[in-house]
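Reviewing the structure listed below.
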Amino acid sequence: TSAYSSPAKSLGDPGITPLSPSHIVKDSDADDAVEQLFLVVVAIDFGTTSSGYAYSFTKEPECIHVMRRWEGGDPGVSNQKTPTTILLTPERKFHSFGYAARDFYHDLDPTESKHWLYFEKFKMKLHTTGNLTMETDLTAANGKKVKALEIFAYALQFFKEQALKELSDQGGSDFENTEVRWVITVPAIWKQPAKQFMRQAAYKAGMASPENPEQLIIALEPEAASIYCRKLRLHQMIDLSSRAPVNGYSPSDTIGTGFTQGKEHVRRNRQSRTFMVENVIGEIWSELEEGDRYIVVDSGGGTVDMTVHQIRLPEGHLKELYKATGGPYGSLGVDYEFEKLLCKIFGEDFIEQFKIKRPAAWVDLMIAFESRKRAAAPDRTNPLNITLPFSFIDYYKKFRGHSVEHALRKSNVDFVKWSSQGMLRMSPDAMNALFKPTIDQIIQHLSEVFDKPEVTSVKFLFLVGGFAESPLLQQAVQSAFGSRCRVIIPQDVGLTILKGAVLFGLDPAVIKVRRSPLTYGVGVLNRFVEGKHPPEKLLVKDGTRWCTDVFDKFISADQSVALGETVTRSYTPAKPSQLVIVINIYSSEQDSVSFITEPGVKKCGTLRLDLTGTDAAVPNRREIKTLMQFGDTEIKAMAVDVATSKSVKVGIDFLNY
Numbered sequence: 004t005s006a007y008s009s010p011a012k013s014l015g016d017p018g019i020t021p022l023s024p025s026h027i028v029k030d031s032d033a034d035d036a037v038e039q040l041f042l043v044v045v046a047i048d049f050g051t052t053s054s055g056y057a058y059s060f061t062k063e064p065e066c067i068h069v070m071r072r073w074e075g076g077d078p079g080v081s082n083q084k085t086p087t088t089i090l091l092t093p094e095r096k097f098h099s100f101g102y103a104a105r106d107f108y109h110d111l112d113p114t115e116s117k118h119w120l121y122f123e124k125f126k127m128k129l130h131t132t133g134n135l136t137m138e139t140d141l142t143a144a145n146g147k148k149v150k151a152l153e154i155f156a157y158a159l160q161f162f163k164e165q166a167l168k169e170l171s172d173q174g175g176s177d178f179e180n181t182e183v184r185w186v187i188t189v190p191a192i193w194k195q196p197a198k199q200f201m202r203q204a205a206y207k208a209g210m211a212s213p214e215n216p217e218q219l220i221i222a223l224e225p226e227a228a229s230i231y232c233r234k235l236r237l238h239q240m241i242d243l244s245s246r247a248p249v250n251g252y253s254p255s256d257t258i259g260t261g262f263t264q265g266k267e268h269v270r271r272n273r274q275s276r277t278f279m280v281e282n283v284i285g286e287i288w289s290e291l292e293e294g295d296r297y298i299v300v301d302s303g304g305g306t307v308d309m310t311v312h313q314i315r316l317p318e319g320h321l322k323e324l325y326k327a328t329g330g331p332y333g334s335l336g337v338d339y340e341f342e343k344l345l346c347k348i349f350g351e352d353f354i355e356q357f358k359i360k361r362p363a364a365w366v367d368l369m370i371a372f373e374s375r376k377r378a379a380a381p382d383r384t385n386p387l388n389i390t391l392p393f394s395f396i397d398y399y400k401k402f403r404g405h406s407v408e409h410a411l412r413k414s415n416v417d418f419v420k421w422s423s424q425g426m427l428r429m430s431p432d433a434m435n436a437l438f439k440p441t442i443d444q445i446i447q448h449l450s451e452v453f454d455k456p457e458v459t460s461v462k463f464l465f466l467v468g469g470f471a472e473s474p475l476l477q478q479a480v481q482s483a484f485g486s487r488c489r490v491i492i493p494q495d496v497g498l499t500i501l502k503g504a505v506l507f508g509l510d511p512a513v514i515k516v517r518r519s520p521l522t523y524g525v526g527v528l529n530r531f532v533e534g535k536h537p538p539e540k541l542l543v544k545d546g547t548r549w550c551t552d553v554f555d556k557f558i559s560a561d562q563s564v565a566l567g568e569t570v571t572r573s574y575t576p577a578k579p580s581q582l583v584i585v586i587n588i589y590s591s592e593q594d595s596v597s598f599i600t601e602p603g604v605k606k607c608g609t610l611r612l613d614l615t616g617t618d619a620a621v622p623n624r625r626e627i628k629t630l631m632q633f634g635d636t637e638i639k640a641m642a643v644d645v646a647t648s649k650s651v652k653v654g655i656d657f658l659n660y
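Mapping of the sequence shown onto the working numbering: position 344 corresponds to residue 347, and the numbering continues sequentially without gaps.
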């Protein structure tokens with residue numbers, strides 16, 4: 004049985020029963036709040052490994068400004084975004100974010116640093132936690148736990164303050180939060196609780212409020228990328244299909260060069276970079292016809308998401324054809340492989356201890372690896388050197404009683420040698436081997452998506468996200484799928500999502516049709532039918548035989564939902580005299596659900612309509628209309644008593660049930 008006992012039996016609550024015929028009304032809410040006017044749209048790309056923001060003034064939508072350069076970038080890593088790292092004081096108060104957090108933590112004396120709480124790559128926790136709630140914890144580098152909601156709220160508050168400060172500096176007067184529409188991007192494959200969690204964290208950070216939810220849009224990363232890709236001009240992207248085969252490259256013409264020579268039209272403006280987005284449909288896009296399909300592969304630090312979109316002319320609206328899929332195959336996978344390699348050479352016991360005892364030096368080692376990771380390329384012949392921090396060499400000698408050099412000699416790991424300058428020397432093959440498991444998973448998953456009937460005849464594959472900068476990934480995708488579609492990589496690919504999210508905030512209506520990630524319905528009583536309904540569901544009330552726990556479906560998983568579409572059902576109280584009507588809303592990942600007690604069915608909302616004190620002259624079959632509006636990543640539900648038009652509204656809630 005499921006976690007829910009039969010609500011009708013336990014509450015002594017007679018429940019509701021469908022009024023037949025049940026009707027579906029499609030109506031766009033005429034009484035929706037009047038569109039607020041915001042002066043500026045600020046989008047935050049809150050990534051697993053790095054984060055950033057960009058903005059655009061609604062009066063000047065063709066200019067997208069990417070945040071000012073940050074202090075303290077890393078060698079070999081472009082610092083348009085800042086690392087997603089956060090530092091709290093020993094008293095658990097916010098101290099710093101990004102490079103500042105990392106550098107401050109790094110400079111602390113080890114005796115002190117063990118009291119400070121340092122977090123990195125914490126966004127993955129929202130993806131991997133099965134039963135996410137407002138109480139879910141995150142673990143800092145020193146092993147102490149803090150509520151995830153607090154960390155996410157601190158991070159968003161930091162971005163909010165940075166952006167408002169930059170806007171105020173630019174405009175010369177203080178910028179109010181009320182003048183900003185915020186957009187936060189999340190992976191499309193995140194489950195609903197994780198998307199709702201982001202919204203709650205943003206409310207806690209003061210970006211918007213439950214009373215004013217329109218001020219914040221939760222955008223899906225591949226959708227944002229898709230919107231930006233529509234605007235691309237040919238000089239702003241690299242078409243891998245039009246290149247000579249990889250092994251035919253001359254060294255001066257490796258895949259990466261197109262990035263460095265981006266001819267993006269950039270205006271310098273008080274260190275913030277402004278990109279001109281011409282208000283035209285890009286050339287690639289003009290080749291797409293009504294009904295054409297393309298796939299967006301968004302490969303970031305933590306996850307890879309794939310979304311298949313179809314063009315709807317004349318406005319070029321996007322329609323999601325196949326629900327977003329993907330998994331934890333981001334570039335972090337390469338870091339894990341490096342860690343496994345270190346364990347193989349130096350012993351797992353040592354690496355575990357080193358991470359706990361010298362957390363700052365461990366961070367240093369991973370930074371050194373990061374810049375070499377970015378230098379890996381299919382045609383590379385010279386080795387990659389990774390500097391080992393002095394405290395690694397020192398601590399290893401204390402721990403094992405022999406040198407790092409000795410460990411490397413006696414471990415039979417080929418391709419990794421010790422260089423006299425105190426570095427690990429990795430042959431290109433050894434580096435490529437670290438990428439292989441992650442890239443193989445991405446290619447494997449993409450192949451499965453390509454085999455789906457909805458995905459036949461895809462014209463383009465847009466490869467976006469930070470990991471898309473990797474020539475190894477580019478080559479793998481091109482050689483696996485280049486014969487089926489054109490593989491396109493936007494320039495400045497790490498900023499694609501950020502720019503698309505700004506465009507989305509300026510015109511949220513551009514995405515017209517999504518696939519519902521879940522099946523939604525309400526729990527009702529039906530007249531008991533012998534032979535059709537299971538006997539254990541029989542409930543006899545006032546001489547009427549009811550079947551309890553029936554799941555009355557509003558919408559199925561993977562059904563197309565137009566934005567703003569409303570599905571309406573009519574119910575009547577099972578007992579006419581009933582004055583408090585409780586409607587429970589449930590969701591499931593399964594398509595066909597008959598009863599709310601089935602495994603995997605979760606309660607995600609309650610509508611409580613109290614009709615006491617309403618006029619007695621009510622028809623004997625009171626009609627209660629229940630509406631669910633599928634929008635944004637949010638879903639709203641409402642119940643209305645038709646006779647008195649008394650109503651109650653609720654947002655679907657996945658975190659508090």
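Heads up, the beta-carbon is just placed ideally off N, CA and C, and yes, glycines get one too.
Residue i (DSSP reduced to helix, strand or coil)
i      : result
PHE470 : helix
SER302 : strand
PRO493 : strand
CYS346 : helix
ASP367 : helix
ARG184 : strand
HIS448 : helix
ASN579 : With the sequence shown as reference, residue 579 is identified as Pro, and Asn is not the correct amino acid for it. Correct three-state label for PRO579: coil.
SER394 : helix
GLY616 : coil
PHE178 : coil
ILE192 : coil
GLN667 : Lying outside 4 to 660, the shown extent of the chain, residue 667 is not represented and no answer is given.
GLY336 : helix
THR139 : coil
ASP432 : helix
GLN477 : helix
Any non-hydrogen atom of the ligand FAD within 7 angstroms of residue i CB
i      : result
LYS194 : Because no ligand of any kind appears in the structure shown, any question about the ligand FAD cannot be addressed here.
Contacts around residue i, its chain only, beta-carbon distance under 6 angstroms, and the 5 residues preceding and following it disregarded
i      : result
VAL505 : VAL44, ALA46, ALA57, SER59 and ILE67
ASP717 : A question about residue 717 goes unanswered here, because the residues of the chain that appear run from 4 up to 660.
PRO392 : ALA364, ASP367 and LEU368
PRO24  : Because the pLDDT of PRO24 is 48, which lies under 50, any placement of that residue in the model is unreliable, and the question is left without a value.
VAL653 : GLY608, LEU610 and ALA640
Contacts around residue i, its chain only, beta-carbon distance under 8 angstroms, and the 5 residues preceding and following it disregarded
i      : result
LEU528 : ALA11, PRO17, GLY18, ILE19, THR20, LEU542, TRP549, CYS550, THR551, VAL553 and ALA577
VAL679 : No statement about residue 679 is possible, as the shown extent of the chain runs from 4 to 660 and does not include it.
ILE220 : ARG184, TRP185, VAL186, ILE187, PHE507, GLY508, PRO511 and ASP635
ASP594 : THR522, SER559, ALA560 and ASP561
Bridge partners - residue i, DSSP secondary structure assignment
i      : result
CYS550 : ASN529 and LEU541
THR85  : SER54
ARG517 : VAL564
CB contact below 8 angstroms: residue i versus chain C
i     : result
PHE49 : Checking the listed chains, one finds no chain C in this structure; it contains a single protein chain.
Buried or exposed by the 16-neighbour rule on C-beta atoms within 10 Å, applied to residue i
i      : result
ARG361 : buried
PHE161 : buried
SER580 : exposed
GLN264 : Because the pLDDT of GLN264 is 31, which lies under 50, any placement of that residue in the model is unreliable, and the number read from its coordinates should be weighed accordingly. It is exposed - the Cβ of GLN264 has fewer than 16 other Cβ atoms within 10 Å.
PRO520 : buried
GLY336 : buried
SER171 : exposed
GLU568 : buried
TYR231 : buried
VAL496 : buried
VAL525 : buried
Sequence-distant residues of the same chain with beta carbon closer than 7 angstroms to residue i, five excluded per side
i      : result
PRO64  : LEU509
GLN356 : PHE402
ILE655 : ILE588, CYS607, GLY608, ILE638 and ALA640
Cβ contact check for the region 299 to 312 and the region 189 to 203: 3 or more pairs under 8 angstroms: yes
Inter-stretch contact (C-beta, 8 angstroms, three-pair minimum) for the region 404 to 412 and the region 363 to 381: no
Three-pair Cβ contact test at 8 angstroms for the region 114 to 131 versus the region 91 to 98: yes
Three or more C-beta pairs below 8 angstroms linking the region 573 to 591 and the region 640 to 660: yes
Inter-stretch contact (C-beta, 8 angstroms, three-pair minimum) for the region 346 to 353 and the region 413 to 430: yes
Cβ contact (3+ pairs, closer than 8 angstroms) linking the region 379 to 397 and the region 439 to 459: no
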